[in-house]
Amino acid sequence: MQAYDKPLPRGEDFNGDFYQFCKQHELRFQRCRDCGTWRHMPRESCQACGSFNWAWERAAGKGQVFSWTVIHRALHPGFAVELPYAAVVVELEEGVRMISHVLDLPADQLRVGLPVEVVFDDVTPEITLPKFRPSRIRQSSP
Amino acid sequence: MTLKDQACIVGVGESAYTRGSQKTVLRLVLEASRHAIRDAGLTVQDIDGFVLSSSYIYQEALAANLGVSDLRYSTTVQMGGASPVTALQSAAMAVTLGIAHNVLVPFGWNGYSEARISRRERPDAPSRPDNALSQALRNYYAPYGALAPVQHYAWLATRHRELHGTTDEDMGEVALTSRFHAQHNPRAYMYGRTLTMEQYLQSPMIASPFRVLDCCLETDGACAVVVTSAERALDLQHDPVYIMGIAEGHPYPADDIPNRPDFFKIGLSFAAPHAFEMAGVMPQDMDFAQIYDCFTYVVMLQLEALGFCGAGESREFVKGGTLRIDGDLPCNTHGGLHSEAHVWGLNHVVEATRQLRHEAGLQVEDCELGLVTGWGDFGDGSLVILRR
Ligand SMILES: [Zn+2]
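Have a look at this one:
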């Protein structure tokens, strides 16, 4: 098996915590304990109320496509084999947005508002990247 | 008190614009600086302030090589490509308050031979120090293959297209305008190389919706301008060009693109109302606009932020030659970063100054008022409104 040769998150400080949860296949973001505001990227304090109290709360992992770019020229050789690939802005139900990939979907079918759900890609033994795929059709319970 | 009409641009200069300067950045900056000081009718001994952009050179070396022995004020702006216009703000403050008398605002880089943006994230590229944007870039964008500005700004462009119907041809209009203007500027890299819409549409896609020809040049080169007080400016060589209004602005948050409440609210959205209010003029009063054109769509987004048209309306605004020399708002009359050179937009300031002196290569007839924008990092912005 070929070594993973794409850039990996450096994972220092809070960013390391974020990726530790990903490794456990949990998508967690900081949420203010005082006013309830979710945030991403991780930060020291709440931009809404200034509080230093927060917890890593688990997100539902559901969201929708907000924007994207389809990349046709790799600026890092590790991505050359993936061309073309889409770097997608996903908006989570909790209100935070993140960059990711949407799997199982041709790039020309990306649409604003397309429902997606998180999947976890264990790219190395140490690092798991949260990615997304189109939401499965929800079955109505009998 | 405001900075309105307190300070003037009195000297402009540039090095040669090349691909492969074979010179140090410092050497390029020294050449541009000496031209600008001479253009002002000043000597090196008259210069007592520097405002630098980014950290390609340091003030100590600049002073020692230039011969500035009494440096009273020096600072450095860190706003990427928005820095040079913001630097004018610091320079204007310094000369207005008497902290310094004549401030040099230089910028140079070997943007082709040393610091190619298109090669920035290759493993063999020299590693860059951490900066304010590293957290987002290294931890949250790069692992998904989003490594460079052409990819990051494409997120803005794609959503704009999805919501407002902006097309390839609309963006092409911006590229064609710059290239058209460059045909009148022998200094421009694209001088002598015309461009048709067909050629634009056939250029290869880099990061949709951006093709090669949506992207600016990579250039080795330097520019410099000299700023002095309005009072001193009257005694100098050229008609002074007055800084009527100036402001910087930062998107919120500035260090992460996706998590902005209003995705299209850029630094310039904050800066523009402040600069226009200071100047006491309206966007419609402008005789020309030199708009930071790292990518075609970024010009369109800035036209909206400046108030030339409403949100989502830039696609209509740019149609029909509006931005051309004989249009309602001549834009990037030197060819811009797209077709003249990429000197972080300080070349836009040089061009605006020459326009207002009525000595430009492609002159906007009888122009009295014009503006220059800066754009950098993840959408930092700056705006200066100039008059003759
Ligand atoms: Zn809070």
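Residue numbers (my numbering), protein chains in the order written: chain A, 1 to 142; chain B, 143 to 530. Virtual Cβ for every residue (Gly too), placed ideally from N, Cα, C.
- In this chain, A/R31 is not harboured by any alpha helix (DSSP H); it is covered by the beta strand (DSSP E) spanning 28-32.
- Residue pairing by DSSP places A/I71 opposite A/Y85, B/A349 in a beta bridge.
- Chain-order list of chain B residues neighbouring A/Y85: G287, by C-beta distance under 7 Å.
- 9 Å or more divides the Cβ of B/Q293 from the Cβ of A/I127.
- The segment 383-394 of chain B and the segment 518-526 of chain B touch, with no fewer than 3 CB-CB distances between them shorter than 8 Å.
- Secondary structure at B/G409: helix, using DSSP grouped into helix, strand and coil.
- In its chain, beyond the 5 residues on either side, I127 have a beta carbon closer than 6 Å to the beta carbon of A/L8.
- Taking 9 Å as the cut-off, the beta carbon of B/N489 is found no closer than this to the beta carbon of B/G409.
- With contact defined as three or more Cβ pairs closer than 8 Å, the segment 247-256 of chain B and the segment 197-205 of chain B are in contact.
- In the structure shown, B/V210 falls within a coil segment according to DSSP collapsed to helix, strand and coil.
- Beta-bridge analysis with DSSP links B/A149 to B/S371.
- Between A/E91 and A/F120, the gap from beta carbon to beta carbon reaches 9 Å or more.
- Of the other Cβ atoms in all chains shown, 16 or more fall within 10 Å of the Cβ of B/R353; this residue is therefore buried.
- Distance from the CA of B/K461 to the CA of B/L305, rounded to the nearest whole angstrom, comes to 18 Å.
- About 20 Å separates the beta carbons of A/R58 and B/P400, which is beyond the 8 Å limit, so they are not a contact pair.
- Secondary structure at B/K461: helix, using DSSP grouped into helix, strand and coil.
- Under the three-state reduction of DSSP output, B/R280 falls in the helix class.
- Chain B has a Cβ within less than 9 Å of the Cβ of A/P7.
- For B/A224, no beta strand (DSSP E) segment is defined, and its DSSP state is neither H nor E.
- Under the DSSP assignment, B/Y439 falls in the alpha helix (DSSP H) whose first and last residues are 438-448.
- DSSP places B/R496 in the uninterrupted alpha helix (DSSP H) bounded by 488-498.
- Selection A/G63, A/D34, A/A74 evaluated against A/V89 yields A/G63 as nearest (Cα-Cα).
- For B/A299, the enclosing alpha helix (DSSP H) begins and ends at 291-306.
- Nearest to B/D272 by C-alpha distance, out of A/R10, A/G61, A/Y4, A/R133, is A/R10.
- Under a 10 Å Cβ-count criterion, B/M143 is classified as exposed, with fewer than 16 other Cβ atoms of the shown protein chains found around its own Cβ.
- If you check each beta-carbon in the segment 400-428 of chain B against every beta-carbon of chain A, the ones closer than 8 Å belong to P400, N401, F405.
- In this structure, DSSP gives A/V123 a state outside helix and strand, which the three-state scheme calls coil.
- With respect to chain B, the C-beta atom of A/V89 has a partner C-beta closer than 9 Å.
- With respect to chain A, the C-beta atom of B/Q187 has no partner C-beta closer than 9 Å.
- Among the residues of the segment 57-86 of chain A, those with a Cβ less than 9 Å away from any Cβ of chain B are F66, S67, W68, T69, V70, I71, H72, R73, A74, L75, H76, P77, G78, F79, E82, P84, Y85, A86, in the order of the chain.
- Using a cutoff of 8 Å, the CB of B/S481 does not count as near ligand 1, since none of the ligand's heavy atoms is closer than that.
- Judged by DSSP secondary structure, B/T319 falls within the alpha helix (DSSP H) whose first and last residues are 310-324.
- Each residue's CA atom was taken as its position, placing B/P285 and A/L129 some 8 Å apart.
- Chain-ordered, the chain A residues with CB closer than 9 Å to the CB of B/P346 read H72, R73.
- With a threshold of 9 Å between beta carbons, A/S51 makes no contact with chain B.
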